[in-house]
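Chemist: Handing you a structure now.
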Amino acid sequence: MKPSDQQLSSLERNFINAFQGGFPLHEQPFEQVAKQLDCSEKKLIDTIDKLKQQKTLTRFGPLYDTARLGGGLTLAAMSVPKDRFDMVTQQVNAYPEVAHNYRRDHPLNMWFVLATETPVELVQVISSIEKDTALTVYNFPKQHEFYIGLQFDISEHGIHETVSFPIQKSDENYLITDLDKKIIKQTQAGLPVTTRPYLDIARNIGCNESDVITHLRKMLDSGVIRRIGAVPDHFRLGFKANGMTVWDVPDERIMELGNQVGQLSFVSHSYQRPRHLPLWRYNLFAMVHGHTRDTVNEKTEQIEQILGESCRAHEVLYSTAILKKTGLRLAA
Numbered sequence: 001m002k003p004s005d006q007q008l009s010s011l012e013r014n015f016i017n018a019f020q021g022g023f024p025l026h027e028q029p030f031e032q033v034a035k036q037l038d039c040s041e042k043k044l045i046d047t048i049d050k051l052k053q054q055k056t057l058t059r060f061g062p063l064y065d066t067a068r069l070g071g072g073l074t075l076a077a078m079s080v081p082k083d084r085f086d087m088v089t090q091q092v093n094a095y096p097e098v099a100h101n102y103r104r105d106h107p108l109n110m111w112f113v114l115a116t117e118t119p120v121e122l123v124q125v126i127s128s129i130e131k132d133t134a135l136t137v138y139n140f141p142k143q144h145e146f147y148i149g150l151q152f153d154i155s156e157h158g159i160h161e162t163v164s165f166p167i168q169k170s171d172e173n174y175l176i177t178d179l180d181k182k183i184i185k186q187t188q189a190g191l192p193v194t195t196r197p198y199l200d201i202a203r204n205i206g207c208n209e210s211d212v213i214t215h216l217r218k219m220l221d222s223g224v225i226r227r228i229g230a231v232p233d234h235f236r237l238g239f240k241a242n243g244m245t246v247w248d249v250p251d252e253r254i255m256e257l258g259n260q261v262g263q264l265s266f267v268s269h270s271y272q273r274p275r276h277l278p279l280w281r282y283n284l285f286a287m288v289h290g291h292t293r294d295t296v297n298e299k300t301e302q303i304e305q306i307l308g309e310s311c312r313a314h315e316v317l318y319s320t321a322i323l324k325k326t327g328l329r330l331a332a
C-alpha cells in the first residue's frame, strides 16, 4: 500500500470504490448511483466525465468476454532488436487488432494483445506482422483461464489496495441474438454518460429502452458481460509496477496450482498458456500490480510459496513502457 500520485475527491474515490462493477441496469442508473453516493445526478455525471477526460478511468461500461462473442484473442510476444524497437513499435501499433502493447524487461521485449472478429483472423494478423517486421511472433493463446478481474480499493487517505472481484458464473449455452450484437457494438467502447444511457442506446439501434436493459441483464447473468462499471487506470492510481509473473509447473498439476494462484487477491489475471521450447518454458501466467517492484516481488514470493516444489523456474517481466493501450473492439 502506498499513497497515490493523484489526489481524488471524496466523490471520485467513493464512485470508483463502489462501481467498478454492479452499475445499475435501470432507466435512470446515474440517479440511483447518485442517491447512494449522496450527491446530485448532475454532479455525478460531471464527475465521471472529468475522470474520463483525465484518463483516471480508461473506460466506463460493460466488459465483454471476447471469446463468448466469437472473436479471437491472444497474447503475443516478439524479441525486437534495440536499434529497431521504435520502428517495429510503429509497425505493430498500426494494426487496429493490437489492443495493448507493452515493452518488458526480457529478451522477449514486446508483448501485445491481439483481438480479432474471428479466431482464424488471429493467424492472419500474426503472419502479416511477421512479414512486415521480418521477426518471429510467439503466440501465447489462453488455454485455460483461472481468474480475470481486479478491483482497486482507495481509502480516504489515498492508500490503495487491490482486491478480487467475485468470479462471474457463465452460461455457455446462452446464444447471442441479433439485438445483443447491436447492443454490443454500441456499448463495447463504453456507456453514454447521460441521464438515460440505455434510452440513448435504444434510439441508436431502433428498439425500446426496456429491451436494451433486458438484454444487457441477460448477457451479464450468462457471463457474456463480465461486469458493468468503471475501469480505473492502475498507473494513475499509483500502481506503477506491473509484473507479469511466469512459472514453469508440471502440466499434470497446472489446473490445481493455477486455481490456487488465481484465488490470490493481488492477482488480476491468471492463465495457462503454451510453452515455446527451448526459448520459453513457462506455462502459468499471473499478472501482479504494485506501487513498487519491491511490492510485486513480495507478492511473487507468496506465489512461489504456494507452488512449492512444483515451481521449477519463474521470472517476473516488468513493463517498462506502455506502447499502446486501447479497449478491445469487435465488430459485433
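Start counting the sequence shown at 1; every next residue gets the next number (my numbering).
Built from N, CA and C at the ideal position, the CB exists for glycine as well.
(1) Less than 8 angstroms between the CB atoms is what I'm expecting for P232 and L44, so what's the real figure, rounded?
(2) Quick check on DSSP: helix, strand or coil for H234?
(3) Tell me which residues share the same chain as V246 and place their Cβ nearer than 6 angstroms to its Cβ, disregarding the 5 neighbours each side in the sequence.
(4) Which class does L173 belong to by DSSP, given the choice of helix, strand or coil?
(5) Taking F146 as the reference, which of P107, R104, Q302 and R273 has the closest Cα?
(6) Assign N208 to buried or exposed, taking buried as 16 or more other Cβ atoms, counted over all protein chains shown, within 10 Å of its Cβ.
(7) Measure the CB-CB distance between S268 and G262 and report whether it falls below 7 angstroms.
(8) S319 by DSSP, collapsed to three states: which one?
(9) Considering only DSSP beta bridges, list what I306 is partnered with.
(10) Going by the CB atoms, is the gap between V125 and L114 shorter than 7 angstroms?
(11) Can you check which of these residues, T194, R196 and T214, is closest to L179 by C-alpha distance?
(12) Counting pairs of Cβ atoms below 8 angstroms between the segment 191-204 and the segment 236-256, do you hit three or more?
(13) Sorted by chain position, which residues of the same chain lie with C-beta nearer than 6 angstroms to A332's C-beta, five sequence neighbours on each side aside?
(14) Taking the beta carbon of N173 as the centre, do at least 16 other beta carbons fall within 10 Å, making it buried, or is it exposed?
(15) Helix, strand or coil for D86, going by three-state DSSP, please let me know.
(16) I'd like to confirm the pairing. Which residues does DSSP put opposite E301 in its beta bridges?
(17) State the CB to CB distance for the pair G70 and T116, rounded to an integer number of angstroms; the pair is presumed to be in contact (CB under 8 angstroms).
(18) Tell me whether the beta-carbon of V224 lies closer than 7 angstroms to the beta-carbon of D49.
(19) When you compare only the Cα positions, how much space is there between Q36 and W111?
(20) I'd like to check one pair, S79 with L108: are the Cβ atoms closer than 7 angstroms?
(21) Ends of the alpha helix (DSSP H) at Q7?
(22) Buried or exposed for A76, please, with buried defined as at least 16 other CB atoms from any protein chain shown within 10 angstroms of its CB.
(23) Could you name the residues of the same chain whose beta carbon sits closer than 7 angstroms to that of I313, not counting the 5 residues immediately before and after it, in chain order?
(24) Buried or exposed: which applies to M219, given that a residue is buried once 16 or more other Cβ atoms fall within 10 Å of its Cβ?
(25) Using the C-alpha atoms, what's the distance from V288 back to T133?
(26) What number of angstroms, rounded off, separates the C-alpha of G21 from the C-alpha of P62?
(27) Please classify T300 as buried or exposed, where buried requires at least 16 neighbouring CB atoms within 10 angstroms.
(28) Roughly how many angstroms lie between the CA atoms of D251 and D38, to the nearest whole one?
(29) Relative to the C-alpha of S319, which candidate in V92, N242 and R59 has its C-alpha closest?
(30) Taking the straight line between their C-alpha atoms, what separation do you get for E121 and G308?
(31) So who's on the other strand from G243, going by DSSP bridges?
Modeler: The answer reads as follows:
(1) Looking up residue 232 in the sequence shown gives position 232. Looking up residue 44 in the sequence shown gives position 44. Between L44 and P232 the Cβ distance is about 16 angstroms, and since that is not below 8 angstroms, they are no contact.
(2) Within the sequence shown, residue 234 is the residue found at index 234, counting from 1. DSSP places H234 in coil when its eight states are reduced to three.
(3) As a position in the sequence shown, residue 246 is number 246, starting the count at 1. Around V246: Y282, F285 and E315.
(4) The count along the sequence shown starts at 1 and reaches residue 173 at position 173. The sequence given here places Asn at residue 173; Leu does not occur at that position. DSSP, read as helix, strand or coil, puts N173 in coil.
(5) For the purposes of this step, residue 146 is taken as residue 146 along the sequence shown, with counting starting at 1. Of all alpha-carbon atoms in P107, R104, Q302 and R273, the one lying nearest the alpha-carbon of F146 is that of R273.
(6) Against the sequence shown, residue 208 aligns to sequence position 208. Exposed, because fewer than 16 other Cβ atoms sit within 10 Å of the Cβ of N208.
(7) Position 268 of the sequence shown, counted from the first residue, corresponds to residue 268. Position 262 of the sequence shown, counted from the first residue, corresponds to residue 262. Contact annotation: S268 and G262 have beta-carbon atoms that are not nearer than 7 angstroms.
(8) Sequence index remark: in the sequence shown, residue 319 carries index 319 (1-based). Strand, per DSSP.
(9) Here residue 306 refers to the residue found at position 306 when the sequence shown is read from its first residue. Partner(s): none; I306 has no beta bridge.
(10) By 1-based counting over the sequence shown, the position of residue 114 is 114. By 1-based counting over the sequence shown, the position of residue 125 is 125. The answer is yes: Cβ separation under 7 angstroms.
(11) In the sequence shown, counting from the first residue as 1, residue 179 sits at position 179. If we check each option's Cα against that of L179, T214 comes out closest.
(12) Judged by pairs of C-beta atoms under 8 angstroms, the segment 191-204 does not touch the segment 236-256, as fewer than three such pairs exist.
(13) Here residue 332 corresponds to residue number 332 of the sequence shown, with the count starting at 1. Residue placement at A332 cannot be trusted, given a pLDDT of 46 that sits under 50; what the coordinates show is reported in the next sentence. Correct list, in chain order: K181, I184 and K185.
(14) Within the sequence shown, the letter at position 173 stands for residue 173. Label assigned to N173: exposed.
(15) Working through the sequence shown from its first residue, we reach residue 86 at position 86. For D86, the three-state secondary structure derived from DSSP is helix.
(16) As a working note, residue 301 is residue 301 in the sequence shown. DSSP lists no beta-bridge partner residue for E301.
(17) Position 70 of the sequence shown, counted from the first residue, corresponds to residue 70. Position 116 of the sequence shown, counted from the first residue, corresponds to residue 116. No, G70 and T116 are not in contact; Cβ-Cβ is about 10 angstroms, not under 8 angstroms.
(18) For the purposes of this step, residue 224 is taken as residue 224 along the sequence shown, with counting starting at 1. For the purposes of this step, residue 49 is taken as residue 49 along the sequence shown, with counting starting at 1. Taking 7 angstroms as the Cβ cut-off, V224 and D49 do not qualify as a contacting pair.
(19) One-based indexing of the sequence shown puts residue 36 at position 36. One-based indexing of the sequence shown puts residue 111 at position 111. CA-CA distance, Q36 to W111, rounds to 40 angstroms.
(20) Here residue 108 refers to the residue found at position 108 of the sequence shown. Here residue 79 refers to the residue found at position 79 of the sequence shown. The Cβ-Cβ distance between L108 and S79 falls below 7 angstroms.
(21) Stepping through the sequence shown from its first residue, residue 7 is reached at position 7. Annotation for Q7: no alpha helix (DSSP H) segment contains it, and DSSP assigns it neither H nor E.
(22) Residue 76 sits at position 76 when you count from the first residue of the sequence shown. Under this definition A76 is a buried residue.
(23) Sequence index remark: in the sequence shown, residue 313 carries index 313 (1-based). For the record, residue 313 in the displayed sequence is Ala; it is not Ile. The answer, listed in chain order, is D248 and R281.
(24) For this step, residue 219 is matched to residue 219 along the sequence shown. Under this definition M219 is a buried residue.
(25) Reading the sequence shown from its first residue, position 133 is the one you call residue 133. Reading the sequence shown from its first residue, position 288 is the one you call residue 288. Their Cα atoms are separated by approximately 30 angstroms.
(26) Indexing the sequence shown from 1 puts residue 21 at position 21. Indexing the sequence shown from 1 puts residue 62 at position 62. Their backbone Cα atoms lie some 9 angstroms apart in a straight line.
(27) Within the sequence shown, the letter at position 300 stands for residue 300. In this structure T300 is buried. Its beta-carbon is surrounded by 16 or more other beta-carbon atoms within 10 angstroms.
(28) The sequence position of residue 251 within the sequence shown is 251, counting from 1. The sequence position of residue 38 within the sequence shown is 38, counting from 1. Those two C-alpha atoms are separated by around 51 angstroms.
(29) In the sequence shown, the residue the question calls residue 319 occupies position 319. The residue with the shortest Cα to Cα distance from S319 is N242.
(30) Within the sequence shown, the letter at position 121 stands for residue 121. Within the sequence shown, the letter at position 308 stands for residue 308. Each residue's CA atom was taken as its position, placing E121 and G308 some 39 angstroms apart.
(31) Position 243 of the sequence shown holds residue 243. DSSP output for G243 lists V288 and Y318 as bridge partner(s).
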